[in-house]
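Following the working numbering, the numbering of the sequence shown begins with -17 at its first residue and continues without gaps.
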Amino acid sequence: MKLNPKQKKEAHDMMELWEDDLLERYPEKPNKSKEEFRNYDNPVRDTVKEFYRMNHSYQTYDFVVEKEKEFLSLNRKEMGLWDAVEYLNTLVDDSDPDIDLDQTQHLLQTSEAIRADGQPDWFVLTGFLHDLGKVLCLFGEPQWAVVGDTFPVGCQFSDKIVYPEFFTSNPDINNEQYNTRLGVYKENCGLRNVHMSWGHDEYLYHVMKDYLPEEGLYMIRYHSFYAQHREHAYDHLMDKHDHEMFKWVNKFNPYDLYTKAPVKPNVKELRPYYEDLAAKYLPDTIRF
């Protein structure tokens, strides 16, 4: 499915709204005033709520399993890293005066902040890659199945997930197999055995799982799992290894949330560095 310009703009706008909503929920400074955040009018806020109403209604265990079968064969497209980033850039509507940064620039803001702090090069590359799974929008996936906070399916939905009231429309809430604390899982079974709601995080993890260190893969796979790394709602599903790896997820999260700035990175100047870095860890072409 090919998106028309209006659909691409809508997808990009939803990504922006979700990210701004995260900043309101998890501000860098707890005492930050409301005026310091993007000023939402009521229709915008309704859009965010409608997004989560759909997300929470349709992200069932069966839906996730079907999406895993549909996409994880990675047979949609083969691209080099920079081709994939430029493909993702087509989500930006150049006619929109409110959108000033394309996807490359957002990724570079994240990765350059990581590099400036002297983190390992694989960490820098992970920052550059972390949102690349949003190409799902360009493969025709609805926005509620690409972005948004992620959570386990196949067990009881935590009230720590954003807008938990919308799960009343999810059929799994009435399914005795899925609506208990553990559902289909066992105590401390490890997140590797847990199906997460479908979106760009889980998808990109599978795209990259053969190439990056495990710490980077955890960052990619769980960077939107706010119910855990901010609210600790799913400790009962995590094992000791998960808890150890989540130290890296927590280290990554501020770079993702708080590095947006109006100053554009110089893509032309930075590209050779990232091409060399990608060549160290990734194959020439990547399967999506």
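Think of the CB as a built atom: it goes at the ideal place given N, C-alpha and C, for glycine as much as any other residue.
Owing to the predicted nature of the structure, the values given are computational and were not obtained by experimental measurement.
Quick one: is Asn37 buried, meaning 16 or more other Cβ sit within 10 Å of its Cβ, or exposed? Around the beta-carbon of Asn37, 16 or more other beta-carbon atoms lie within 10 Å, marking it buried.
Would you list, in sequence order, the uninterrupted alpha helix (DSSP H) runs of no fewer than 4 residues that lie entirely inside the region 183 to 255? As far as the region 183 to 255 is concerned, its whole alpha helix (DSSP H) runs of at least 4 residues are 196 to 204, 208 to 211 and 222 to 240.
At what residues does the alpha helix (DSSP H) containing Asp44 begin and finish? Segment Tyr43 to Phe53, the alpha helix (DSSP H) holding Asp44.
Please report how far the alpha carbon of Met220 lies from the alpha carbon of Pro134, in whole angstroms. Taking the straight line from one Cα to the other gives about 11 Å.
Option in Arg253, Thr42 and Lys233 with minimal Cα separation from Gly136: For the options Arg253, Thr42 and Lys233, the alpha carbon positioned closest to that of Gly136 is the one of Thr42.
Going by beta-carbon coordinates alone, are Val144 and Tyr208 separated by less than 9 Å? Yes, they are a contact pair.
Using a 10 Å radius around the Cβ and a threshold of 16 neighbouring Cβ atoms, would you call Lys276 buried or exposed? Residue 276 lies beyond the range of the chain shown here (-17 to 270); nothing can be said about it.
Closest by CA to Glu196, which one among Met227, Ala215 and Ser179? Of Met227, Ala215 and Ser179, the residue nearest in Cα terms is Met227.
Bounding residues of the alpha helix (DSSP H) (the contiguous stretch that carries Leu70): Per DSSP, the continuous alpha helix (DSSP H) segment holding Leu70 begins and ends at Leu63 to Asn71.
So that I know if they touch, is there some Cβ in chain C lying closer than 9 Å to that of Tyr208? The displayed structure is made up of one protein chain only, and chain C is not part of it.
Does Glu123 come out as helix, strand or coil in the three-state DSSP assignment? Note: Glu123 maps to coil in three-state DSSP.
Reduced DSSP secondary structure (H/G/I, E/B, other) of Arg58: Arg58 carries a coil assignment under DSSP once its states are collapsed to helix, strand and coil.
Beta-bridge partners of Arg269, as assigned by DSSP: Paired residue(s): Glu60.
Can you have a look at Asp192 and say buried or exposed, based on whether 16 or more other CB atoms are within 10 angstroms of its CB? Residue environment analysis places Asp192 among the exposed positions, since fewer than 16 neighbouring C-beta atoms fall within 10 angstroms of its C-beta.
Once the 5 residues before and after Leu56 are set aside, which same chain residues still bring their CB inside 8 Å of it? Correct list, in chain order: His188, Val189, Arg269 and Phe270.
List the whole-angstrom C-beta distance separating Leu4 from Leu186, where the pair is believed to meet the contact cut-off of C-beta under 8 Å. By a beta-carbon distance limit of 8 Å, Leu4 does not contact Leu186. Their separation comes to about 18 Å.
Just reading off the alpha helix (DSSP H) that Ile96 is part of, what are its end residues? Ile96 -> alpha helix (DSSP H) spans Gln85 to Ala98.
Are the CB atoms of His205 and His112 within a distance shorter than 9 Å? His205 is positioned such that its CB atom lies closer than 9 Å to that of His112.
Asp266 classed as buried or exposed, judged by whether at least 16 other C-beta atoms fall within 10 angstroms: Exposed, by the Cβ-count rule.
Can you tell me whether Pro9 is helix, strand or coil according to DSSP? Under the three-state reduction of DSSP, Pro9 is assigned to coil, being neither helix nor strand.
Residue span of the alpha helix (DSSP H) that contains Trp104, given as start and end: Per DSSP, Trp104 belongs to the alpha helix (DSSP H) from Asp103 to Leu111.
Does the Cβ of Thr108 have 16 or more other Cβ atoms within 10 Å, making it buried, or fewer, making it exposed? Buried, by the Cβ-count rule.
Out of curiosity, what's the CA-to-CA distance linking Phe234 and Pro102? Just so you know, the alpha carbons of Phe234 and Pro102 end up roughly 12 Å apart.
Going by CA-CA distance only, name the one from Leu199, Thr162 and Val117 that's closest to His218. Nearest option by C-alpha distance: Thr162.
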